[in-house]
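In what follows, a single structure is set out as structure tokens and then discussed.
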Amino acid sequence: MVLLTSEGFAAAQAPAASPRLLSRYALVLDEEGHVLVSKKPDSVASIASVTKLMTAMVALDANPDLDEILTVTADDRDNLKHSFSRLPIGAQLTRRETLMLALSSSENRAAHALSRYYPGGEPAFIQAMNQKAAALGMTSSRFRDPTGLNPGNISTARDLALMVQAAAQYPLIREASTTKSMQVRPMAQRKPMQYKVTNRFLRSNNPNWTIYLSKTGFTDEAGRCLVMHAKAAGKTMTIVLLSSTGRQTPYGDSDRIRNWLAKSNQRVASVR
Numbered sequence: 003m004v005l006l007t008s009e010g011f012a013a014a015q016a017p018a019a020s021p022r023l024l025s026r027y028a029l030v031l032d033e034e035g036h037v038l039v040s041k042k043p044d045s046v047a048s049i050a051s052v053t054k055l056m057t058a059m060v061a062l063d064a065n066p067d068l069d070e071i072l073t074v075t076a077d078d079r080d081n082l083k084h085s086f087s088r089l090p091i092g093a094q095l096t097r098r099e100t101l102m103l104a105l106s107s108s109e110n111r112a113a114h115a116l117s118r119y120y121p122g123g124e125p126a127f128i129q130a131m132n133q134k135a136a137a138l139g140m141t142s143s144r145f146r147d148p149t150g151l152n153p154g155n156i157s158t159a160r161d162l163a164l165m166v167q168a169a170a171q172y173p174l175i176r177e178a179s180t181t182k183s184m185q186v187r188p189m190a191q192r193k194p195m196q197y198k199v200t201n202r203f204l205r206s207n208n209p210n211w212t213i214y215l216s217k218t219g220f221t222d223e224a225g226r227c228l229v230m231h232a233k234a235a236g237k238t239m240t241i242v243l244l245s246s247t248g249r250q251t252p253y254g255d256s257d258r259i260r261n262w263l264a265k266s267n268q269r270v271a272s273v274r
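Okay, so the sequence shown: first residue is 3 according to this note's numbering, each after it adds one.
Here's what the structure looks like:
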């Protein structure tokens with residue numbers, strides 16, 4: 003897939019107007035890899051839980067038994083930011099359920115457990131994440147943990163577009179990242195637990211969006227992040243929005259992009 007620069011398109015056909023995005027960095031590509039919207043796509047930023055798409059790919063690349071039972075241990079606690087998790091120590095889930103929770107609900111202990119059960123453990127897993135990034139051509143990206151809690155997990159909008167396109171080739175990742183709700187019973191002696199997807203468009207059944215793959219993210223360092231492979235305004239797109247300040251900003255930006263595309267025949271907009 004050839005990614006064409008926004009500058010190259012702008013020289014041929016300058017847009018009459020461009021969507022005003024509040025996200026600090028953004029890139030939107032059409033199905034052919036043409037740039038539709040671009041805002042500082044090569045600036046490096048922390049990416050928070052968007053990381054988990056890479057986590058899922060690396061976990062699946064090992065061709066694991068998806069029905070194997072994984073146990074959450076104290077090693078899966080977040081000792082960096084002390085973030086909350088609903089999964090108790092001792093929780094037991096299949097690898098499939100663990101991956102589903104990591105993507106749909108952005109469950110950090112689930113993501114960490116996937117790395118711990120990888121051949122060679124977490125160190126080998128992180129090495130594989132960086133090797134996968136290099137193989138995808140993500141030249142400005144670095145991964146230091148499988149959850150995205152580490153601010154050293156960095157990338158660019160352009161690199162993440164490559165990651166989203168690669169992740170969209172995995173049927174289970176598409177399914178897991180867009181599952182609106184799921185019920186699991188991680189502790190046999192307790193009641194089942196209900197988990198919901200973090201993507202607001204999916205939670206609200208927004209009729210303007212058909213979402214094939216999604217991942218949200220948030221840390222203080224990364225801000226609000228949203229990546230999607232989705233269809234809106236009659237166009238199938240890869241959308242990357244990074245470093246937003248407000249909880250709803252990525253969704254507002256997504257709708258601004260959708261509205262702009264619906265009204266415009268322009269192929270590219272470079273947003274300053």
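Beta carbons: idealized from backbone N, C-alpha and C, even for Gly. The structure displayed is predicted, hence computed values, not measured ones.
1) Would you say the beta carbon of MET189 comes nearer than 6 Å to a heavy atom of the ligand SAM?
2) Could you name the residues of the same chain whose beta carbon sits closer than 6 Å to that of PRO187, not counting the 5 residues immediately before and after it, in chain order?
3) Let's test the definition: count the other Cβ atoms within 10 Å of the Cβ of ASP78 and tell me whether it reaches 16, buried, or not, exposed.
4) Taking DSSP as the reference, what is the three-state secondary structure of PHE86?
5) From what residue to what residue does the alpha helix (DSSP H) around TYR120 run?
6) Quick one: what's got a C-beta closer than 6 Å to MET140's C-beta in the same chain, skipping five residues either side?
7) Determine the extent of the beta strand (DSSP E) in which ILE213 is found, giving its start and end residues.
8) Within the chosen definition, does the segment 195-206 reach the segment 167-176 through at least 3 CB pairs nearer than 8 Å?
9) Three or more C-beta pairs closer than 8 Å, one from the segment 20-36 and one from the segment 126-138: is that the case here?
10) Give me the Cα-Cα distance between THR57 and TRP262, rounded to the nearest whole angstrom.
11) Check for me: the beta strand (DSSP E) holding ALA232 runs from which residue to which?
Inspection of the coordinates gives the following:
1) Annotation note on the ligand SAM: not contained in the displayed structure, which lists no ligands.
2) Residue mapping note: residue 187 aligns to position 185 of the sequence shown, counting from 1. The question names Pro, but residue 187 in the sequence shown is Arg. Excluding positions up to five away in sequence, the list reads PRO194.
3) One-based indexing of the sequence shown puts residue 78 at position 76. Classification for ASP78: buried.
4) As a working mapping, residue 86 is identified with position 84 in the sequence shown. Three-state result, PHE86: coil.
5) What you label residue 120 is simply residue 118 of the sequence shown in a count that begins at 1. Careful: TYR120 lies outside any alpha helix (DSSP H) and carries neither H nor E.
6) What you label residue 140 is simply residue 138 of the sequence shown in a count that begins at 1. Only ASP161 and LEU164 meet the Cβ criterion.
7) Stepping through the sequence shown from its first residue, residue 213 is reached at position 211. Counting along the chain, the unbroken beta strand (DSSP E) around ILE213 starts and ends at 212-221.
8) No contact exists between the segment 195-206 and the segment 167-176.
9) The segment 20-36, when compared against the segment 126-138, does not touch it at the 8 Å Cβ threshold.
10) Residue mapping note: residue 57 aligns to position 55 of the sequence shown, counting from 1. Residue mapping note: residue 262 aligns to position 260 of the sequence shown, counting from 1. Taking the straight line joining both Cα atoms gives about 33 Å.
11) Here residue 232 refers to the residue found at position 230 when the sequence shown is read from its first residue. Start and end: 225-234.
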